[in-house]
Structure formats: structure tokens, C-alpha cells
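Student:
Number of protein chains: 2
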Amino acid sequence: MNLKQLSALLELSQTTVSRALNGYADVSEATRARVQAAAKAHDYRPNTRAQALATGRSRVIGHVIPKISTHAMVNPIFADFITGAGETYSQCGYEMLISVVDVAEEEAAYRSMKRRGLVDGLIVSAPRMNDPRIELLDGIGLPYAVHGRATGTDRPYSWLDVNNRRAFARATDFLIDLGHRRIALINGLEAMDFAHRRRQGYEEALRARALLPDAALMRQDEMTEGYGWRATREMLALPDPPTAFLVSSVICMLGVRRAVEEAGLTLGRDVSAITHDDQLSYLREDGPVPTFTATRSSVREAGQRLARMVIDRIDTPEAPHAHELLEAELIIGRSTGPAPR
Amino acid sequence: MNLKQLSALLELSQTTVSRALNGYADVSEATRARVQAAAKAHDYRPNTRAQALATGRSRVIGHVIPKISTHAMVNPIFADFITGAGETYSQCGYEMLISVVDVAEEEAAYRSMKRRGLVDGLIVSAPRMNDPRIELLDGIGLPYAVHGRATGTDRPYSWLDVNNRRAFARATDFLIDLGHRRIALINGLEAMDFAHRRRQGYEEALRARALLPDAALMRQDEMTEGYGWRATREMLALPDPPTAFLVSSVICMLGVRRAVEEAGLTLGRDVSAITHDDQLSYLREDGPVPTFTATRSSVREAGQRLARMVIDRIDTPEAPHAHELLEAELIIGRSTGPAPR
DNA sequence: GGATCACGCCAAAGCGCTTTGGACATCGCC
DNA sequence: GGCGATGTCCAAAGCGCTTTGGCGTGATCC
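Chains as they are written, first to last, in the working numbering: chain A, 898 to 1238; chain B, 898 to 1238.
#1: What residues of chain A sit near B/V998, judged by a beta carbon separation below 9 angstroms?
#2: Can you find a CB in chain A that lies within less than 9 angstroms of the CB of B/T1233?
#3: Near B/G990, which residues of its chain fall below 7 angstroms by C-beta distance, leaving aside the five closest residues on each side in sequence?
#4: Is it the case that the Cβ atoms of B/G1049 and B/S996 are separated by a distance below 9 angstroms?
#5: Could you tell me how far apart the beta carbons of A/P963 and A/V998 are, in whole angstroms, since I believe they sit closer than 8 angstroms?
#6: Suppose only complete runs of 4+ residues qualify. What are the alpha helix (DSSP H) ranges in the segment 1119–1184 of chain B, listed by chain order?
#7: What residues of chain B sit near A/E1122, judged by a beta carbon separation below 7 angstroms?
#8: Sort out for me which residues DSSP pairs B/Q1117 with in a bridge.
#9: Which runs of the alpha helix (DSSP H), 4 residues or longer, sit entirely within the segment 1014–1092 of chain B?
#10: Touching or not, the segment 902–914 of chain A and the segment 899–906 of chain B, by the rule of three or more beta carbon pairs under 8 angstroms?
#11: Alpha carbon to alpha carbon, how far is A/A1236 from B/A1112? Give it in angstroms, no decimals.
#12: Output, in chain order, the set of chain B residues within a Cβ distance shorter than 7 angstroms of A/G1014.
#13: Give, in chain order, every residue of the segment 1070–1096 of chain A whose Cβ lies closer than 7 angstroms to some Cβ of chain B.
#14: Tell me whether B/R1052 is buried or exposed, calling it buried when 16 or more other Cβ atoms sit within 10 Å of its Cβ.
#15: For the segment 1143–1165 of chain B, which residues have a CB atom closer than 8 angstroms to at least one CB atom of chain A, in sequence order?
#16: Assign B/T912 to buried or exposed, taking buried as 16 or more other Cβ atoms, counted over all protein chains shown, within 10 Å of its Cβ.
#17: Alpha carbons only, please: which of B/H1044, B/A936, B/P973, B/G981 is nearest the one belonging to B/L1222?
#18: Should A/S1169 and A/T1233 be called a contact, given that it needs their Cβ atoms to be closer than 9 angstroms?
#19: So what's B/M993 in DSSP terms, helix, strand or just coil?
#20: Output needed for B/L1033: all residues of its chain with C-beta closer than 8 angstroms, excluding positions within five of it in sequence on either side, in chain order.
#21: Which chain B residues sit within Cβ distance under 8 angstroms of A/T980?
#22: Please decide whether B/R1193 counts as near chain A, where near means a Cβ-Cβ distance under 9 angstroms.
#23: Can you tell me where the alpha helix (DSSP H) holding A/V1196 begins and where it ends?
#24: Apply the 10 Å Cβ neighbour rule to B/A1216 and answer buried if 16 or more other Cβ atoms are within range, or exposed otherwise.
#25: Provide the residue span of the beta strand (DSSP E) that contains B/R1193, from first to last.
#26: Determine the direct distance from the alpha carbon of B/G1038 to that of A/A934, and round the result to whole angstroms.
#27: Using alpha carbons as the reference points, say which of A/Q948, A/M1026, A/V1059, A/D1035 lies closest to A/A1220.
#28: According to the neighbour-count rule (16 or more other Cβ atoms, all chains shown, within 10 Å of its Cβ), is A/R1106 buried or exposed?
#29: Would A/R1008 pass as an interface residue toward chain B - the criterion being a Cβ-Cβ separation below 9 angstroms?
#30: List the residues of chain A whose Cβ lies closer than 8 angstroms to the Cβ of B/F1189, in chain order.
#31: Say whether the segment 1091–1108 of chain B touches the segment 1131–1138 of chain B, bearing in mind that this needs 3 or more beta-carbon pairs closer than 8 angstroms, one atom from each stretch.
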């Protein structure tokens, strides 16, 4: 059933039927009701491609996943983030298009998306320091919103971010309050903006309490379980090992715990650790006290809100850029305790 | 730059330019070369929406994620699977559309996708026993391929699956060889087809060695870390606890390990465990011997191949249905050892 | 009573592509 | 020289929608 057939059936013009369904005022309420009833009865849905062609808007938002190499890690927060964004999209009548592209072809991919009229807007994920994509997308003229921020870019853009600096400063502070002095940082790759900010927060908090950051206690890498384990194991073997760890993700934290336990130590007693927790659904726990003390912020909610943000960019490009800074909660679990003496 | 402008520039008709670019024979090689050069020089990309409207094919493949409730788990294999599928799609000139829909509206979502001409085909994920989606999609007339199988459906359909039955039978057999007699199964939800098959394999292997499946040693639930921990903890507290565990996912396995260690036991010595491992990229390890003994099969590769399978369905709907049964490797790690006496 | 206006409807153009059904040369062949 | 075959190209008609501009009709106002 298409517009033509539906309007023939109703003995109305395509114009009137279209305008009736799209809420224009110059249709009498009587005919509008009649049209809506018929549309419902025949389960009429306008063809998206025709609609897009006629309006110039595709009602699709793109998410680009740059692929480093064949074996590179897929971001574990991806699934929950997508779910959040998808919820907003379906509420707002948008579709989500995901494009896996080789990192070398990322720029070409954006250009192609624009030229082919594939998407109305984009979500930019995992911004790096001085991320070139912001300038690129402004140049291309594709609305977007960034999940995170890109230190070093001076042009305005819309973003939503967790206050990573403050979260890690608070976590560090909390560990210092517990008497810890040698606090390690198991960070994500610091070319990533969020990891950079976390280190800032960590170092600031140390300095504010007259502690000197020690390069031997700082690591950065892709946040896998294996990395958490390796880093912890190595640092516990130092002559003057840390008594506490600040960890960038729960996945890493799993590795940290493994290393701590393998060393015959108990987490929360002999060694403390705080992780950032994106509330990934498949790692959720139940029970009164969480296993891990964590700075917690829902990545699914971030997806929901960021999706709304791109849609706003598309609808009102002239509006000023939006910024949302989510504060992470510091949730006390069983992985922290007073520093051993 | 659109077709009209490009053809004006070349002083050719739109027809000729279009046919030149689409490889039709009735264009001289000289003009074809000229057209291609101009298209390249101006980075011409046909508008996807117009192309789709004209051809009736959108070159988009849909993935539907049914959302149980606001807090339901997002499948952890999702990200890697999507990445694999996305790789194939970009090679074949397809786009991937992801739709998060409330489970109650799943059927309506499929219908709508078809009517709106949004997608040319679909991937069906996480089939349940007697999954109604297969009949539904056949009725709607949307090509699809299933990731897994749906026991109880007698109509033919294209699928790709891991040989879950054999994988779990082999794993069980291996544990029996090591002297284990009380082997627990920490399964996924058995309404899911894969979990059902895993239990079959497990029970068959037990019976083949004259062991009786014990309901007290079998659990099923959503495969979270917390579930693995809870199930293990409870079973270890039984009067006659299991000495080995068969676990449905690495995420669960993390919980199993936690429970084992909390009980003061050592995995691979006091208690053995084998998990199914989808080779999720963010849980990957390095090192010579893996931590976990596992039945291993790459979900990313599954994504790649299944994407190819839907594309084939779209291109040649009259071809017989394809089936691929991937065998999981049994990889020996450090989580298994001889049964303690 | 005629001008004005709002209301409700519609014909037709257009979005950017593909495809059908020729048209026009050129060529080889009898 | 005429005829069919072949090789190149093109005008125009769609694909299914939205939107512009206009057309009647009846009510309103001086």
C-alpha cells in the first residue's frame, strides 16, 4: 500500500492524504480523521527512501567505528552505548546506521556519508587529543555530537562527557584519606582524551596532598583484562609496591583482582583498588555492597542523551552548542580499605 | 555534485553517465573512461536514497535488538559480532542499520521495516526454541539469516551456528577423562536455543560414560558475572559439591573464578572449569597458556560469515538455504586439572 | 452586491537516480 | 545499393513521496 493507492481508495488527492498525515492545518478535521483511520486500517507506512528523497532528510544517524586492524579491540562499552542511543532514536523516529571502517578511510567515510545523503548526523566516539574529526566534520557540514571531549580543539562543538578529572581526583583523594600513599594508575591509552583527563585528576589530587606522582606507578594501554593483570603483577613486584590502584575500567579491574589474588593478597584489605564503572549491563552484580569501589556513570544513559543532542543539532543547527558534563558517583564497595601499615 | 551536473559537465546524457558508471556494455570504452575520470575528479557519489528509490533496493541490512526492559542485559557478544558483520558489509557495499525495539513491538518493527523499504534483509540473533520470527519473516517476505538455530521450526532457513552440542559434549568428556564425576553446568537461559543444545551435549556425554545428570548441578540464567559467582558459590556449598564446572561464557567464568577463590580453592587444582569462549576482544589475553580452558569459537568471524549469508539470500533468493556449522576448538588452559581425591 | 478572506482541496513539479525503448550512425554482407 | 546487425547514445518515464502555487466555495465585511 503506497500513497497513491491509499489516496485512490479514499478518493482524495495524494497531496491531501500526505498533508493530512503530516499534520498540516489546511485539512479539515473530518478528512484527517478519515485518512488516519484508513492509514491505520491498511497499516500504511510511507516509504522512507521516497520520503528522504523528497525532504532531503534521511532521518538516519550514523555511528562510525574505526577499525584499527583485524585484531583490534572492540570497545566493550559499545553495546550499552548503542542501546541507549537506540532507545532515543526509536522514540524520535530516527534510525541508527553503524559503519565499520578502516581507520585509514575514516575521513573518506564521513565525506561519502554526506555526499550520498546517507545520514543526517553523526555521533563521534572516543575522541582523541586534538581530534581532527571535529574540524573535518565542520568542514563537511554534517551535524554531530561528541561522546567525550577533544582537548586541544578551540572550535565549539556539542559534547557530552563524564567529569573524568573530578571523578579520578575524588577517587584519589579518597584513597589518600584511607592512608594510602603509593597509589598506582592503570589508565587507558592517554592519547584518548578521557584517559588524559583521568590522569590530570589523579595527579592534581596527589599534588594537592603533597604527594609526587611516580612514573613507575603509572601505566596506559588498551583496557583489557590481560592488561590489568599484567600491570598489577608488575607493580606489585616493585621494591616499593603500591598499596592502592586506580583503574580505568571494570574489565581491567578483573585483571587487577586476578593479579592481587595470585599474589596471595586480599583486595580491600592488603591492597585497595577503585575502578571507573560504566555500568555495563553484563557485568552488573546484585547484592547490597558492590564488589568494587567505583566511580560510576551509566554509559547507556550517556547514549540516550547524546542521541538527543545530535537530533537537536539537526533540528536547530543555529542553536548554540550543547554541553553536558555528567558527574560520576563514588560508590564504596569492598575493594577498598585503610592502607596496611 | 549530482548526476545531472556531472552529465552536463561531460556533455552527455544522464543515461549514458549512469550506465557508464554502472558497467553497462552499451557505452564505448572511451566515454566510460572519460566518465569515470570525471566522477573521480569530482568525487561523485550517487545519492543512496535516489538510487534506492529507483532500484527498489536499499542496500541496507537490519539488525534488530529486542529490548526486554529498561535494565535488561545487552548481549556482550554484540559488539564483536557487529564488527565482524560490518566488515563484510563495507566490503560488499552494504550498510548496517541497528534498531533497538521493545520486545513487545518486535513483530511490528519487522513489518514496518519491510513496508517502509528500510532494509533489504535482516540478521536474526539469539534464536529461541520454536522461535516465531522465522515464520514471521517468511510471511513478511524479508530475506534473513539466523545466528544460531531454532529447534522446533520445521521450515527451512539459512543459519550459521557453533556446534554447541558437540563443544559441550567434548568439554564434558574431557572433564570425565580427568577423573571428574560431579560436573556442574552453569548454562545460559535454556529458552535460548544455544543453551538448550549445550545442555544436550553435556547430558549426552555424561550418559555415555554412565553418569547421571543431577538437577542440583544445573543452573540457567542470563550470563552475567554475578550469576556465575552466585551459582558457583551455592553449588560449592552443597554437601556433595561438584569438582568441575561447565560454564557458558567467559563473563560468567569470571564470576566462577571469584567464587572459587573466595572459597579458598584454586582453579585448575581444587576445582576445574571450562567455559565457552566467544573470543571477545576486550577479554583477550596474551601469554602462552590461556587462563581458562575453553571451547573457543570467534563470534567476530561468525558475524563476517553470517553477513555474507544474508547478502547471498538477497542476491539469490531462489538458491537453497545455506547452513554453516562452526566447530569450537577445545583449548586447554590453566583452569582444568585432574579431579582431586 | 461586490470585494475580501479563510478554508479545504488539488494538479503538477521536483527530489536524484535507473531503465525502457528507441534513434542514429556505421559497417559488413549479399 | 539495400538490408540487417552492431555499436553508442539519449529522451522520457518512472520510483513514492513532499511541496508549491492555485482554484473553488462559502462566509464576512463594508
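Ideal Cβ placement from N, Cα and C applies to all residues, glycine included.
Tutor: Let's see:
#1: What B/V998 touches in chain A: G983, S987.
#2: no
#3: The residues R956, in chain order, have a CB closer than 7 angstroms to that of B/G990 in the same chain once the five nearest residues on each side in sequence are set aside.
#4: no
#5: 6 angstroms
#6: Runs of the alpha helix (DSSP H) lying entirely within the segment 1119–1184 of chain B, each at least 4 residues long, are 1122–1133, 1147–1159 in chain order.
#7: L1180, E1182
#8: B/N1084
#9: 1030–1037, 1061–1074
#10: No, because fewer than three Cβ pairs between the segment 902–914 of chain A and the segment 899–906 of chain B fall closer than 8 angstroms, the two stretches do not touch.
#11: 45 angstroms
#12: N944, T945, R946
#13: none
#14: exposed
#15: The segment 1143–1165 of chain B vs chain A, Cβ under 8 angstroms: I1148, L1151, R1154, R1155, E1158.
#16: exposed
#17: For B/L1222, the nearest C-alpha among the options comes from B/H1044.
#18: yes
#19: strand
#20: Shown here for B/L1033: same chain residues with a beta carbon closer than 8 angstroms to its own, the five before and five after excluded, namely E1004, Y1007 in chain order.
#21: I962, K964, V971, V997
#22: no
#23: 1196–1212
#24: exposed
#25: 1190–1193
#26: 26 angstroms
#27: It is worth fixing the name first, because residue 1220 of chain A is His in this sequence and not Ala. It is A/V1059 whose Cα lies nearest to the Cα of A/H1220.
#28: exposed
#29: yes
#30: At a beta-carbon threshold of 8 angstroms, none of the residues of chain A lie near B/F1189; the nearest stands roughly 11 angstroms away.
#31: no
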